[in-house]
Structure formats: structure tokens, C-alpha cells
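Trainee: Residues 2 to 1066 in the numbering used here are what the sequence shown spells out, letter by letter.
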Amino acid sequence: MDGVACRDGHARRGALQEFPFRRRQRQDRERRWRSLAARRQQGILMSLSIKLLPSSIKTVLLIGAAGILVGTLGIRLATELYWIRFFDNLHWTSGTAAAAIVAWLSIRQAAPEDSRGLYWIALGLSGYAIGQILWDIQTAIGYAEFPAPSDLFYLWLGPCITVGLLLEIRNHASGADKRTLWLDALTLSVAMLTLILVLYLPKRGETPLLPLLVLIAYPITLFVAALTMLTMIPALRLRLGFSLIAFQIALVATALSWMNWNFMALDGTAIDGTWFNISFSVAVLLLGFSLTQWKMETNDDPRWDRWCEGVLRLLPLITVMVASLAVVLSHTLAGLPFVVQTTADIGSVIVMILAMIRQGTLLKERDELLDAQSALLQSQKELAHERGLLKSLVGTIPDLIWLKNPEGIYLSCNPRFEKLYGATEQAIVGKSDYDFVSKEQADFFRQHDQNAINAGGPTINEEWLTFASDGYRGLFETIKTPMFDAAGKLIGVLGVARDITQRKRLEEESELASRVYQSSSEAIMVTDAGNRIVSVNPAFSAITGYSREEVLGRSPGILKSGRHDAAFYADMWNTLLTTGRWQGEIWNCRKNKSVYPEWISMGVIRNPDGSIRNHLALFVDITERKQSEELIWSQANYDQLTQLPNRRLFADRLGQEVRKVHRTEHQLALLFIDLDRFKDVNDTLGHQAGDVLLIEAARRISACVRAADTVARLGGDEFTVILPEITDTAHIDRVAQAIVSSLEMPFVIGGNTAYVSASIGITVCPGDGEDVETLLKNADQAMYQSKGEGRNRYSYFTPALQKKAVDRSAMAADLRLALSRKQFRLHFQPIVELATGKVFKAEALIRWMHPEKGLINPADFIPLAEETGLISDIGDWVFEEAIIWVQRWAKLIEFDFQISINKSPVQFQDAPTRDYWLQHLNKLGLSGKNVNIEITEGLLLEENARVADKLLKFRDAGIQVSIDDFGTGYSALSYLNKFDIDYLKIDQSFTRQLAPDSNDLALSEAIIVMAHRLGLKVVAEGIETEQQRELLRKAGCDFGQGFIFSKALPPEEFEAYLLKQNSKE
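1) Would you call the CB atoms of L940 and V932 closer than 9 Å?
2) For a quick check, are the C-beta atoms of R516 and I534 less than 9 Å apart?
3) Y756 by DSSP, collapsed to three states: which one?
4) Does the pairing of the region 576-588 with the region 495-507 give three or more beta-carbon distances under 8 Å?
5) Quickly, what does DSSP pair I613 with across the bridge? List them, please.
6) Report the option in A130, S244, Q824 and V596 whose CA atom is closest to the CA atom of S562.
7) Confirm, please, whether the CB-CB distance from L126 to G289 is below 9 Å.
8) Classify A843 as helix, strand or coil using the three-state DSSP reduction.
9) Compare the beta carbon distance of L119 and W295 with 9 Å and say whether it is the shorter of the two.
10) So for A740, helix, strand or coil by DSSP?
11) What first and last residue would you give for the alpha helix (DSSP H) that runs through S107?
12) Which of helix, strand or coil does DSSP assign to Q26?
13) So, with DSSP's three-state summary, where would you put H828?
14) Quick check on DSSP: helix, strand or coil for S972?
15) Helix, strand or coil for K1061, going by three-state DSSP, please let me know.
16) I need the straight-line Cα distance from S57 to E81, nearest angstrom please.
17) Please go through the same chain and pick out, in chain order, the residues whose beta-carbon is closer than 6 Å to the beta-carbon of V494, but skip the five residues on each side of it.
18) Using a Cβ-Cβ cutoff of less than 7 Å, which residues in the same chain neighbour S703 once the five nearest sequence positions on both sides are dropped?
19) Can you name, in chain order, every residue of its own chain whose Cβ lies under 7 Å from the Cβ of I1009, other than the five neighbours on each side?
20) Under three-state DSSP, which class holds H1076?
21) Just tell me which of D957, K951, S905 and R417 has its CA closest to the CA of G929.
22) Closest to L421 by CA distance: which of G431, S1047 and P399 is it?
23) Using the C-alpha atoms, what's the distance from W305 back to I76?
24) Do you know offhand how far A98's Cα is from L63's?
25) Please confirm if the region 682-700 is in contact with the region 785-794, defined as three or more CB-CB distances below 8 Å between the two stretches.
26) With distances taken between CB atoms, is the gap from A616 to T545 smaller than 9 Å?
27) In this structure, how does DSSP classify N933 when only helix, strand and coil are distinguished?
28) I think A254 touches S280, with their Cβ atoms under 8 Å apart; what is that distance to the nearest whole Å?
29) Touch check for the region 455-462 and the region 424-443: three-plus C-beta pairs under 8 Å?
30) Mind checking whether S758 and L676 have CB atoms under 9 Å apart?
31) Can you pull the DSSP bridge partners for K892?
32) Out of G926, F569, L577 and I122, point me to the one whose CA is closest to V605's CA.
33) Using 10 angstroms around the beta-carbon of Y984, count the other beta-carbons present and answer buried if the total reaches 16, otherwise exposed.
34) Since G656 is in the alpha helix (DSSP H), which residue starts that stretch and which ends it?
35) From A218 to L211, what distance separates their C-alpha atoms?
36) Could you tell me the distance, in whole angstroms, from the CA atom of G1136 to the CA atom of D434?
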């Protein structure tokens, strides 16, 4: 049994071993059959290419061949030396002349990229033919000198062919390949020259030097050309067609023929009529014939690439063998002159030097290849990353996106499309619409795919979606675009479908709104396609003074005020006609010639065919708003004494410059200037003199800077200078020193002379800080450093930020745990109705009771919460906690109690927050009117459609909206009429210094008047004194908030306060 098992095991192993062997046999047979088929195909193509040769080339080849045949037969039949030489010359002349003519005819049918090298080869053959003709003449007249004129032209052949081949190398090889190829060809040529010299020199005898050199030049020039071609073929991976093979054989045959001829000449052997003479004619005619198929094309077959690589590796070995053969022959053959050995040694040394140079080149190429490989790997990683990003991007697009091949088979789709068919991308790819929908629907899709292919570009159609896996029905706009590769071949159809159900509904609503526009409080004007007025509403007449009859059929140009140039209107119309809408501020003229500003929105109404049907314009008179904006903005942003930008405008401009720094490579510098001993001027000469000095100081500082720089007065004797687009610190130094020098000059004030100096602190962005507050703080610290060092100088900020970074990181870590560990507390600050003193509003303010650091101010952790993404969770906690107390307090007082909750811009972008808050209110039995959200005016400056939509939905739910810290921004006023706002909260920076006849009071009164005219109520923050409260009450302010009423209280204490205040008569 064991023996059987053993023999069975051997049999199995034999069978297993036999199978790969037979497989290799089959693969070898297949390779031989493919090789045989390729040779047969090449032979067929060769036959066809010969038949397709122009008749002129075929005629020349036949004549040349006939001449060679006649000459050969003549030699065999002739008995006299004269006729033998005659027939020799006949076949030589026939072969060389025919080859030259065929070469020039071949240039006409060669590809442009090959014609330049072919030109030089034809030139060499022409010289060779001229040499043969001169030889015939020399023979006829009995000229027997050597070298002869014919030799000069014979010798063209090798160098011209070499030049032609070098041109082909330059056209087809890269820089590194060129160097290697040239080195290989040169090394082989030197080795061959050495061998030829070793063979020739012993036979020199009494031959003079010049004839000997000419004899050597024949074979060596031809061998150089042949070796160049031999090196080109593997180096450039050239396809071995008939042309290259015949060319190489003919070239080598010609070189060997001349070598044999020269040996016989040196030995004194009779040459006329010898058998090998015919090789000259046959070889040169074959050389010419090979040019008719001349084409330099590469062979991408991996097997050919491996063969070529092997040949290139053998070239150095062949070179060494040739050089070694020359050395061995020179040292072993007896009786050789010393010069032969010397020549062989010198040639070998040169070969070695060239081999070392080539090795160095190869090593350099290897390093470059490794670098390129590394770069390729990196590029592949980046490409994979970009593909991942692209796939992620497509995955987030709400539209349906898919790609089919020309046959309608899905190649790819995005997640939104997966929901349509209720299948994954893997399940969809490889299938067609017929696998998912009815045949009628699939035929419909297929027809639209074909329409896009036939159109050669995008096609658009609308279609109702009724077959979605989730049952959704809607109207979709579908764009189908044929996709082509770089060669222009169709690769598929890209489809993008967008749900336009909502858009269609809005269009219908818009049409309904156009029917009732007569009741609009906004002026509405409709013009026809030729821009002639066809309709206006009553508000138009009220604003412009023109009646409907006065404007019908006329151009809207009757309203032009002349304040806008032609370029303004051209740009406006270009935008309107291009995008279909335009809005902006325009100054127009009423019928009574008074000019007024209006905010106008224009649109285009088009016919179904896309042509313009009407123009629609809606506008309102914004005269009062503009006056209020200009007054408030001027007072809020400019120092009334020096007319320089004040702190608010300075902060805005610095913020803009900081953002510009982030987009460019430039820097900006901030200079904080404090006037030394200014208080002494006020104390000795009076405040009026101090004001005069401040005005003159502002003028001097402004004179030291460029027009693009900003000089601002922050207050008192503090100035700042913004130096944008700084490229070197030398400019900063020059400006700072100029300011120091200018301000130390005496000030003459009303006959008195005053002296001050400047202490300047300098900070640079980027580097010292990345925001307005940080830069200002840094510059202020540097300024105090200047004061500490003796004043009348400038100093740069040198930050030490490590501890601050560590503290901030620790706070971020603690903040992540604060909510779960219940470390947050909610305090409430009452909002008092100034007219009655009643309290039925409060602002919810969060406090963080840190177990180690104690009470942490919201200003220290709210920005961090926004950065870390915790603000939404914290905001929801504030809302939930506040609503619990609102529910309780609403039952304790007779009024509807309302809580104000701050909502940061980051939190406002969180879409689920709104729905969650409304659901929570409903759950507790409260309505939206119990909540007032406070937002900053910066959120409105984004002019984001989503912001307007969310505000509208809050308002629809009854939730009111307040703008917190109003007046600290520049552009908020223009948005008050665009958004649904209920309250303006005057920033405490206005109320802090509130006093009779003060600028802050004027600003506050202007804000209150403006707000009431817009239907808004006003809450003043930061009221701390009875005088501030009374001034605001008299100004008409609705509500107040501040320490005069109460600080922010814990809920239990606030409840007691609430009951106490509302119990008063």
C-alpha cells in the first residue's frame, strides 16, 4: 500500500510538473505563429508598398537595375581590359545615379518630420554619384593620380548620412537619450577606427600619408554612419521594417566593399573586373531603394523593448571587444611597426574614457529617473486625492448626476441619483434604464440621449418625475451633454437633472403678483422690448410727479438726473440683458426737476422663444434713508475735530487691509501714536488750544504718509496709521521717524509755543497678529514700551504668545466637557420699558462656572465655542434652559413674557436649530412670540439668501428679531429695509458717554428716529446713570438695559426682581 501510495504521489507530481511545461510549449508555438504571421504581413505590405511606388521611382529603379545587369554580364563576357573597365564603370554609374535620383524623389513622398534627415542622405548619394561620374571621366582620359577629384565627392556619402541620422536623433530623442546615443555611436566609431587603423597601417608600405588617410576615410566614414544607425535602432526603439534593415545592410556592404577595395589597392592586387565590384552597385542601389519606404516610427511591443534594452547593454561589450581585438592584433602579429601598437593603445584609452563618460551619464540619468519616478508617485497620490475630492464634491451636489456610455449603459452616478432608483451605484453601473423603468419611459430617456449625441452639445428638456423609489413626484429640468475624449471620439452622455418644481411654483406666484401690482407701495414701471413705457402704477406718479398719461410711450430716460455717465447705464443694461436682472441705487429727476435717490430693482420678462417681451422696474424713494445714513455714518465714522477716520472707520479699514494681506504676499504695518505731554498743553493753554494742536498734529502725521495709507484718531491724543502693501521694514522706519521728527517741531498756538513729542508703537501683519484687535493691542503695548524707554521714539512689538496658546488650548479642552458636566449657568438681565418701568422682557446670558478658574466671561469662551463647533450645542442648551423659566414666568405676570437669546452667526447657519426650537416651544405650550433672537449686523452684511429665508421663517413662527450692537458697523443701514427686523439695540459705546448736547446723544436720537420711521423699536444697552436713562426716554427710546436697572441675575433672583418690579403701580 505504501508503495502504491508513493508511486501515485510521484505520478501526481509528474502530472503537475508536466502541465507548466506543456503550457510553455503552447505559448512558444503561439509566439512562433504570431511572428510568422507578422513576417507574412510585413511581406504583403512590402509587396503592396512597392506596387504603390510612384511610376517615376519604379522607372529609375528599373533603369539602374538594368544598367547593373548589363554591366555584370559585360564583365563576364569581355576579354579586353578596356571593356572590362567600361562595364565596371557602367554598373557603378547606373547604380549610384539611380540611387541618387530615387533619394531625391523619395523626399517628395516622405513625412515632413523625416524629410530633413532624408535630405542629407540624398545629398550624400548625390555626391557619391558625382564622384562616380568624375571617376568615369578620369578613366576615359587616363587620369590615375590618387587622391583624385572623384574621391572628394565619394567621401560625401558617409558624413552626409551621419548628419541625416543625427538630425533624426534630434527629432525623435530626448536630451538624455541624445547624449547616451551619441556617446555609444562615438565610442563604437572610435573602436572601429582603431581596428581599421591596425589593419591598414601594416599595409602602408611606402604609401604617402594623404593617400593613406583618404583610403582610411572611405570605410571609417561609412562605418560611423552604420554604427550610428545601429545605435539608433535600439535606443529609439525603431520599428524594424524593410527600409531600416535594407538601409543598414546596404550601408555595411558599401563600407566592407570599400575596405576590401582599399586592402587590394594597398597589396597591389588587380581590381578591375573582380567579383566584389558588383557589390558597390548593388549596395548603393539598395541604399537608394530603402529610402522609398523611409519612416522613423517606434515599436511599442514590450518584447521588442526588452530586445532593444539587451542590445544597448551589449553595445559597451561589443565596443570593448572591437577595441580589444585591435590591441590584441597590434601586439600579437609579428613584424608590425611600433606606430600600430601605439595607435591601438591610444584608441583603447579613448574608448575607455568615452565609456567612463557614458557611465557617468547613465548614473546621472538614473538619478533623474528616480527623481521622476518619485515625482510620478507623488502626482499619482495627488491625482487620487483630487479624484476623491471630485467624487466627494459630486456626492454633495443636490442635483441628479449620471454618466452613460453611447449604448445607454450606466457608467457612474451620484448618491442623489441612487435614491431615484433605490439602488447603490454598484447595482446601477452596467445596467440600462430598461432594467429600472418601463419600456416607454426607457425609450423616452434613450431618445433624449440620442438627441444630445446628434446635437453634438447640451440639450435641455423638462420632464415630470413619477417613478422615484420613494414616491416623490416633481418637475425636473434635465441637461444632457455628449462627452468626447481628446481624439474627439464619443465616450458617453452626461446627464444632470434639477428639481424645478419650486421654481415653477414661484413663477406662477410672480405672475399672480404682477396682476395686483397697482396696490404696491413701491413704484412699478413696465416697458416694452423697445424700452418704451407701457404701464406704471400709482406709486410711480406719487414719487416722480408724472401722471400715467404723461409717460406712456416715452422712454424712461425722462427720469435721468445727469449724475450718471454713459458707462454707468451701459454697464447696467449689459448686466440686465445678460443676467435678466439688475438692482442698485440710482439718482433720478422728478417732473419738478428735483433730484432724488431711489433703490431700483429691474428685471426682464421674456417670451417662450427667449426674446424680450418687457422690462420691469420697481423702485422706492430713499431720500430720508440716505440722509439718515449719511448723517449717522459721518458722525459714527469720522472724528469731528480733525476730520480723520475715528475708531470705528479705522477698525473697518484695518480689517479690510488685514484681509488683503491674506490674499497677497505683502505686509501691513500699524503705528499707534500717543502725543507725549499733551495733557500739559491742555492744563496750561486750555482745551481749545489743545484742539488746535490736535488738528495740526493730524495734518503733520498725514503729510508723512502716502495717499493709500490711513491716518485715524482713536480719541484724545491717540492716533493710528495703517501702512498697507509694505515690502520692507525700511519704509516703516522712514515713516515712523518722519512722524517723530515732525511732531517734535514746535506748535505755535495763538501766540504761544507748545512742545509735544510722539511715542509710537509698531506691529506688523502677518507675524504679530492676524486680526484688528490683536494688532491694535500689540501696537498699544509697543507704544508703552516707547514711553518707558524715554518717549519721542518708536518701538516694534515683540510678542510672547506661548503661554496664551497653552491657556487657549486648555480652555478648549475644558469647554468640550463643560456642557456634560453641567458647569454652565444662565443669568437674566431685565429689559425695562422706559416709559412705564415695567419688565416683561429679559436677555438670557450664559455664564461658565469653571471648577478651578471660577466664573469665566462669555467673551472669553464664546469665540472658542464658535471655532470648535460647540456653539450649536451650547446655544440649544441656553434655549432649553431659558424656555423652562419663560414658561414659569409667563404664568406669574399678566403680560406675555419674552426672552432675548443671542444667536451667533455660526449658530445661525445651523439649519436644524430653527425646527428644533419651534418644536420645543410647541411641546411646552409656548408660542414664538415668547422668544426674541438677537443677531449682529455683520450677519446681515453677508446678503445671503439663506439668511433672509431663515429670518422670514422665524418671523412666520412668531419669533421676533433684534439687531445687537447696532451702530458699530457701516453697511447695516442699507439692509434694514430688506430684512424683517423688530428691534435695534443701541450699542453701549453710544450710551456710555451720553450727555446733553453730546455727539453720542445726537447719534442715539438719529438712530431712534430712523428706527421708528422704519417701524422698529429701540433698546438701549449699557444704561448706568439716571441722566442717561432720562435722556434716552425723552429721545423716544422704547426699552433700556443696564446696571442702573439690574445686573444679570441668577434665575431665582431674577424671578424675585420680576415680581417686585411688576407689582409697582
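Ideal Cβ positions, reconstructed from N, Cα and C, are used throughout, including at glycine.
Mentor: The relevant details are as follows:
1) Numbered from 1 along the sequence shown, position 939 holds the residue referred to as residue 940. Numbered from 1 along the sequence shown, position 931 holds the residue referred to as residue 932. Against a cut-off of 9 Å, the Cβ pair of V932 and L940 comes out as no contact.
2) Within the sequence shown, residue 516 is the residue found at index 515, counting from 1. Within the sequence shown, residue 534 is the residue found at index 533, counting from 1. Taking 9 Å as the Cβ cut-off, R516 and I534 do not qualify as a contacting pair.
3) In the sequence shown, residue 756 corresponds to position 755, counting from 1. In the structure shown, Y756 sits in coil (DSSP, three-state: anything other than H, G, I, E or B).
4) Touching, no, given that fewer than three Cβ pairs across the two stretches are closer than 8 Å.
5) Start at 1 with the first residue of the sequence shown, and residue 613 comes out as number 612. Per DSSP, R607.
6) Against the sequence shown, residue 562 aligns to sequence position 561. Closest option to S562, Cα to Cα, is V596.
7) Residue mapping note: residue 289 aligns to position 288 of the sequence shown, counting from 1. Residue mapping note: residue 126 aligns to position 125 of the sequence shown, counting from 1. Yes; because the gap between Cβ atoms is below 9 Å, this pair is in contact.
8) As a position in the sequence shown, residue 843 is number 842, starting the count at 1. In this structure, A843 counts as strand in the three-state DSSP scheme.
9) For the purposes of this step, residue 119 is taken as the residue at position 118 of the sequence shown. For the purposes of this step, residue 295 is taken as the residue at position 294 of the sequence shown. A contact, by the Cβ cut-off of 9 Å.
10) Stepping through the sequence shown from its first residue, residue 740 is reached at position 739. The question names Ala, but residue 740 in the sequence shown is Ile. Helix at I740.
11) Taking the first residue of the sequence shown as position 1, residue 107 is located at position 106. Unbroken alpha helix (DSSP H) run through S107: L82 to Q110.
12) As a working mapping, residue 26 is identified with position 25 in the sequence shown. Below a pLDDT of 50, predicted positions are generally treated as unreliable, and Q26, at 48, falls in that range; the measurement from the model is reported next regardless. Of the three classes helix, strand and coil, the one that applies to Q26 here is helix, per DSSP.
13) Looking up residue 828 in the sequence shown gives position 827. In this structure, H828 counts as strand in the three-state DSSP scheme.
14) If you number the sequence shown from 1, residue 972 lands on position 971. Caution is warranted here: a pLDDT of 47 is assigned to S972, below 50, making its placement in the model unreliable, and the coordinate value is therefore given only provisionally. The answer is coil: DSSP assigns S972 none of H, G, I, E or B.
15) By one-based count along the sequence shown, residue 1061 stands at place 1060. Of the three classes helix, strand and coil, the one that applies to K1061 here is helix, per DSSP.
16) Position 56 of the sequence shown, counted from the first residue, corresponds to residue 57. Position 80 of the sequence shown, counted from the first residue, corresponds to residue 81. Distance between the alpha carbons of S57 and E81 is about 36 Å.
17) One-based indexing of the sequence shown puts residue 494 at position 493. These residues qualify, in order along the chain: K405, D450, A453, K481 and P483.
18) Translated into the one-based positions of the sequence shown, residue 703 becomes position 702. So the list reads V712, once near-sequence residues are dropped.
19) Counted from its first residue, the sequence shown places residue 1009 at position 1008. For I1009, where only same-chain residues beyond five positions count, the Cβ hits under 7 Å are V1019, A1036, G1037 and C1038.
20) Examination of residue 1076 is not possible in this model, given that the chain is present from 2 through 1066 alone.
21) Taking the first residue of the sequence shown as position 1, residue 929 is located at position 928. Between G929 and the set D957, K951, S905 and R417, the nearest pair of CA atoms involves D957.
22) Along the sequence shown, read from residue 1 onward, the residue named residue 421 stands at position 420. Among G431, S1047 and P399, the Cα nearest to that of L421 belongs to P399.
23) Taking the first residue of the sequence shown as 1, we reach residue 76 at position 75. Taking the first residue of the sequence shown as 1, we reach residue 305 at position 304. In this structure, the CA atom of I76 is about 44 Å from the CA atom of W305.
24) The sequence position of residue 98 within the sequence shown is 97, counting from 1. The sequence position of residue 63 within the sequence shown is 62, counting from 1. Our two residues, A98 and L63, have alpha carbons roughly 12 Å apart in a direct line.
25) These segments do not touch.
26) Sequence index remark: in the sequence shown, residue 616 carries index 615 (1-based). Sequence index remark: in the sequence shown, residue 545 carries index 544 (1-based). The amino acid at residue 616 is misidentified as Ala; the sequence shows His. It is not a contact, given that the beta carbons lie outside the stated cut-off.
27) Looking up residue 933 in the sequence shown gives position 932. Strand.
28) The sequence position of residue 254 within the sequence shown is 253, counting from 1. The sequence position of residue 280 within the sequence shown is 279, counting from 1. The C-beta distance from A254 to S280 rounds to 6 Å, short enough to fall under 8 Å.
29) Not touching, per the Cβ criterion.
30) Stepping through the sequence shown from its first residue, residue 758 is reached at position 757. Stepping through the sequence shown from its first residue, residue 676 is reached at position 675. Note that the C-beta distance between S758 and L676 is below 9 Å.
31) Position 891 of the sequence shown, counted from the start, is the residue given in the question as residue 892. Answer is none; K892 lacks a bridge partner.
32) Position 604 of the sequence shown, counting from 1, holds the residue named residue 605. The residue among G926, F569, L577 and I122 with its C-alpha nearest the C-alpha of V605 is L577.
33) The count along the sequence shown starts at 1 and reaches residue 984 at position 983. Y984 should be labelled buried.
34) Here the question's residue 656 lines up with position 655 in the sequence shown. Counting along the chain, the alpha helix (DSSP H) containing G656 begins and ends at R648 to R664.
35) For this step, residue 218 is matched to residue 217 along the sequence shown. For this step, residue 211 is matched to residue 210 along the sequence shown. Inter-residue distance for A218 and L211 is about 10 Å (C-alpha atoms, whole angstroms).
36) Residue 1136 lies beyond the range of the chain shown here (2 to 1066); nothing can be said about it.
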